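Residue numbers (the working numbering), protein chains in the order written: chain X, 18 to 243; chain S, 778 to 1037; chain L, 85 to 324. Built from N, CA and C at the ideal position, the CB exists for glycine as well. From a predicted model like this one, the values you see are computed outputs, not experimental measurements. Shown next, in structure tokens, is the structure this report addresses.
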Amino acid sequence: MSQDKREIVIPSQLLGEIKQKKAGRGTFIENGKIYAEILGILNNDSNYINVIPLKGRYDPIEKDLVIGIVQEAMSSSWLVDINAAYPALLHVNEVPWDVDFGETERYLNNGDSVMAKVLQVDREKKLQITLKDYNLYKLKDGYILNVEPSKVPRIIGKKGSMISLLKKYTKCRIFVGQNGRIWVNGSDDGIKKVINTIKMIENESLSYGLTNKIEELLKKDAKDVH
Amino acid sequence: MTITPAIKKDYLVKLANSGKRADGRRFDEFRKIEIKTGIVLKAEGSARVKIGNTQVVAGIKMDVGEPYPDTPEQGVMSTAAELIPLASPDFESGPPREDAIELARVVDRGIRESEVIEVDKLCIEPKEKVWIIFIDIHILDYDGNLFDAASLASLAALMTSKVPAKRFELGEDYPLPLKEPPISCTSAKYNGVVVIDPALDEEEIAEARLTVATDQNGDIRAMQKGLNGSFSKDEINKVIKVSIDNGKKIREQLYNSIGK
Amino acid sequence: MNTEIKLIDNGKRLDGRKPDELRKINIEVGVLHRAEGSCYLEWGGNKVIAAIYGPREAIPRHTQNPLRAIVNAKYNMAAFSVDERKRPGPDRRSREISKVISEALENVIQLEKYPRASIDVNIEVLDAEAGTRCAGLTAAAVALVDAGIPMKDIPVACAAGKIEDQVVLDLGKDEDNYGSADLPVAISPRTGEILLLQMDGHLTLEEFNKAFDLAIKGCHIISDIQKKAIMKKYQSDVEV
């Protein structure tokens, strides 16, 4: 990424004209002009003018991997909170177990956490998720951390660089949900380190050279311990 | 209602077994406390207290009214608490639920039973006119331990209040007559460990809760046990000691913040 | 009130302001931990705090609109915020103000993005000194931006009025009680569209136009303050 200053834009800010560019996400068009509609970072490297949100709930996209918390077990489905504006539906047909009618509570209960995939988002924003994939399952042990969904790309890093660093130096298992929930499992110290590092990334997500800075800190920490 | 993941509960319990808390505090350590008084100019006294991320504002308003028939020469005090929807995704607007009522009553008792307000000095005309004191507590941000935050905010507000005599043509304004207040400290028990100043996630898994109010001599002035778990006598003794120690520190901070 | 005291004397108001001068305004963004967006605003003697929750599924279900989100603004005055203690709970005045604020905000929020959802706006007045609904709406607008809610514009409100035959901007304490007209206005500053308009008192057509223009001018100045406060909060994240 070039060393351009990362520009913050706010709703109603004029960003360009449809004569010159196309309106991407986080923008709206009025009278041939493109405006920002959310608080975010301006991205107009390409043909599109996009605004990457700085805040806000998770906006579900099909195929996204998310961490959900079961809210309610119903007779042939569960209602799951995935930090979106709406709860998601998990149908008994979308889990790897053979669940009889009315037996849903035997498998998933209020407060259980799952690693899931967004199956469908319809026009009324009704959401469905699935557990039917090789790396999806009910979570046990570990800790779940909440971050702003908009910070998830930074925590994962370019081609997973940031998250690989974390895994390497803390020896923890880490799964980052697109919905801003992160599951960590490992030693007490490892988990603590992951939590603190992620909090730091969250606070400094827009600074340059963050990956290097984090790597240095993690290296130093590991040296101090041994 | 926001549901806490079961994993989080298990994690807190696991940490507790190794003598740790999720935010790194010791079992006998309070979160950072901030006290600011005189923040609402319309009120006779006011204070904003932060304990960690929990934020509470208390305001004191006074009026002239009739005394209770059985205490014809004493002022009257009344405490109300609002768990306004501002403070948590789970608070709804509407008439106060039991949580708000319990909170108000516990704070009220702490002040009333220890006779912090010298109600004998608030009589204007026996049987006819006395000063009425309204304590209104507004929770702005809920992250655990509302009892201590609300109690501390109420005390700080009272200790900087002026009786608005001028407005009622009863002379010059003067400081509200008060005695040394007791400081309340709340502890919670989960999975066999007892921690002071429970944060929200600790409160969510607490089995039992104990609030102890102590005075400047280290004497006990009020106690309140809550929730349906139990305490051993040993645990209670420990809680009392920790409450006395923290009570001292908080009292010092309170006096500093009101400029005493 | 002593009727011999003039509200405005030789162009100077009781608090020393000129007829077209605003009271001092201070805005802080993101002050609460639990709320998804929040704003603390001081305007003269007013102190208000606004918090946003949502968008989230609207409950009870019968309030859901299948095509768009609904805005639930609740304006509330703390018991200790006024001279004579106010009994806690919404009164008719609070409910009316809640409604006009909801409607103003609904105009600029991209509601179609969130069918069946509600955006809950809580405005709490901690200290009141005339113009609380304008302060409340202005704070709510900033809190909405802080919450990441998609909007076409950031609304802003300001009032003008009349004291002793003179049209003035931003009525303060006493001017509100003893003046002869009060005109709160909210606009979408980018387009100039009027989102909230109320008036009580007595104004000639000429006075109304003057007051209206003054209020709009005030709105634009305050819009600047809103934007600066938001940038101040988020700009520091960008600087290395």
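*Identify, in the order they occur along the chain, each residue of the same chain with its Cβ nearer than 6 angstroms to the Cβ of S307(L), setting aside the five sequence neighbours on each side.*
Within the same chain, S307(L) has close Cβ partners V240 and P273.
*asked:* Is there a Cβ of chain S sitting closer than 8 angstroms to that of Y137(L), yes or no?
replied: Chain S contact via Cβ: present.
*Simplified DSSP state of L223(X), which is helix, strand or coil*: Here L223(X) sits in coil by DSSP.
*Can you tell me which of C189(X), R198(X), D139(X) and Y65(X) puts its alpha carbon nearest to the alpha carbon of Y198(L)?*
The shortest C-alpha to C-alpha distance from Y198(L) to any of C189(X), R198(X), D139(X) and Y65(X) is the one to D139(X).
*Report the residue ranges of all beta strand (DSSP E) runs contained in full by the stretch 211–276 of chain L; include only those spanning at least 3 residues, in chain order.*
DSSP runs (the beta strand (DSSP E)) wholly in the stretch 211–276 of chain L: 240–247, 250–253 and 265–272.
*Which residue comes first and which comes last in the alpha helix (DSSP H) that contains K906(S)?*
Counting along the chain, K906(S) sits inside no alpha helix (DSSP H); it lies in the beta strand (DSSP E) bounded by residues K906 to D918.
*Y718(S) by DSSP, collapsed to three states: which one?*
A question about residue 718(S) goes unanswered here, because the residues of chain S that appear run from 778 up to 1037.
*Check the Cβ of D129(X) against every Cβ in chain S and list those closer than 9 angstroms, keeping chain order.*
In chain order: P782, A783 and I784.
*Could you tell me whether any Cβ in chain S is nearer than 8 angstroms to the Cβ of L107(X)?*
Cβ-Cβ to chain S under 8 angstroms: no for L107(X).
*Looking at the unbroken beta strand (DSSP E) that takes in Y52(X), where does it start and where does it end?*
It spans K50 to A53 - the beta strand (DSSP E) in which Y52(X) sits, taken as one unbroken run.
*List the residues of chain S that Q88(X) touches, going by C-beta distances under 7 angstroms, in chain order.*
Listed along chain S, the residues sitting closer than 7 angstroms to Q88(X) by beta-carbon distance are I780.
*Residues near I305(L) in its chain [Cβ-Cβ closer than 7 angstroms; skip 5 each side]*: So the qualifying residues of the chain are L106.
*Could you tell me whether the stretch 952–964 of chain S touches the stretch 884–900 of chain S, where touching means 3 or more Cβ pairs closer than 8 angstroms?*
Yes: the two stretches touch, three or more of their Cβ pairs being nearer than 8 angstroms.
*Quickly, what does DSSP pair M161(L) with across the bridge? List them, please.*
Beta-bridge partners assigned by DSSP to M161(L): V209(L).
*Taking I55(X) as the query, report the chain L residues whose CB atoms sit under 7 angstroms from its CB, ordered along the chain.*
G232 and P234, listed in chain order.
*asked:* Going by DSSP in three states, H146(L) sits in which element: helix, strand or coil?
replied: Three-state DSSP puts H146(L) in a helix.
*Select from the stretch 805–822 of chain S all residues with a C-beta closer than 7 angstroms to any C-beta belonging to chain L, and list them in chain order.*
Of all residues in the stretch 805–822 of chain S, V817, L818, K819 and A820 have a Cβ within less than 7 angstroms of some Cβ in chain L.
*How would you list, in chain order, the residues of chain X whose beta-carbon sits under 9 angstroms from the beta-carbon of S795(S)?*
What S795(S) touches in chain X: D205.
*To the nearest angstrom, how far is it from the Cα of Q20(X) to the Cα of L223(X)?*
At Q20(X) the pLDDT is 45, less than 50, meaning the model places this residue with poor confidence and gives no usable figure here.
*Given a threshold of 16 other Cβ atoms within 10 Å of its Cβ, counted over all protein chains shown, does G215(L) qualify as buried or as exposed?*
Under a 10 Å Cβ-count criterion, G215(L) is classified as buried, with 16 or more other Cβ atoms of the shown protein chains found around its own Cβ.
*According to the neighbour-count rule (16 or more other Cβ atoms, all chains shown, within 10 Å of its Cβ), is R171(X) buried or exposed?*
By the Cβ-count criterion, R171(X) is buried, with 16 or more other Cβ atoms from all chains shown falling within 10 Å of its own Cβ.
*Below-8 angstroms beta-carbon distance, Y919(S) vs any chain L residue*: By the rule that beta-carbons nearer than 8 angstroms mark a contact, Y919(S) touches chain L.
*Would you be able to state if there are at least three C-beta pairs under 8 angstroms between the stretch 897–915 of chain S and the stretch 844–851 of chain S?*
Yes, the stretch 844–851 of chain S touches the stretch 897–915 of chain S.
_Counting only C-beta atoms, is K72(X) closer than 8 angstroms to chain L at any point?_
True, the Cβ-Cβ gap to chain L drops below 8 angstroms.
_So, under 8 angstroms CB-CB, I208(X) and C189(X) are touching, yes? Tell me the CB distance rounded to an integer number of Å._
The C-beta separation of I208(X) from C189(X) comes to about 6 angstroms, placing the pair in contact by the 8 angstroms criterion.
*Measure the CB-CB distance between S167(X) and L71(X) and report whether it falls below 8 angstroms.*
Cβ atoms of S167(X) and L71(X): closer than 8 angstroms.
*For Y160(X), return the contacting residues in chain S, with the cut-off set at a CB-CB distance below 8 angstroms.*
Chain order gives the chain S residues near Y160(X) as I784, K785 and Y788, where near means a beta carbon separation below 8 angstroms.
*State the start and end residues of the unbroken beta strand (DSSP E) segment that holds S964(S).*
Taken as a continuous stretch (DSSP letters only), the beta strand (DSSP E) holding S964(S) covers I960 to Y967.
*Residue-chain proximity (D81(X), chain S), Cβ-Cβ < 8 angstroms*: Output row for D81(X): interface = no.
_Chain-ordered chain L contacts of P104(X) [CB-CB under 7 angstroms]_ = Neighbours of P104(X) on chain L, chain order: E141.
*Buried or exposed: which applies to K80(X), given that a residue is buried once 16 or more other Cβ atoms fall within 10 Å of its Cβ?*
So K80(X) ends up on the exposed side.
_Any beta strand (DSSP E) of 3 or more consecutive residues that is wholly inside the stretch 154–182 of chain X_ = Runs found: 160–163.
_Range of the contiguous alpha helix (DSSP H) that encloses I331(L)_ = The structure shown does not extend to residue 331(L), since chain L spans only 85 to 324, so no value can be given for it.
*Rounded C-alpha distance that separates E843(S) from Y951(S)*: Rounded to whole angstroms, the gap between the alpha carbons of E843(S) and Y951(S) is 21 angstroms.
*At a Cβ threshold of 8 angstroms, is G836(S) touching chain L?*
With 8 angstroms as the cut-off, G836(S) counts as an interface residue toward chain L.
*For the stretch 135–161 of chain X, enumerate the residues whose C-beta is nearer than 9 angstroms to any C-beta of chain L, in chain order.*
Listed by position, the residues of the stretch 135–161 of chain X near chain L (Cβ gap below 9 angstroms) are R140, E141, K142 and K143.
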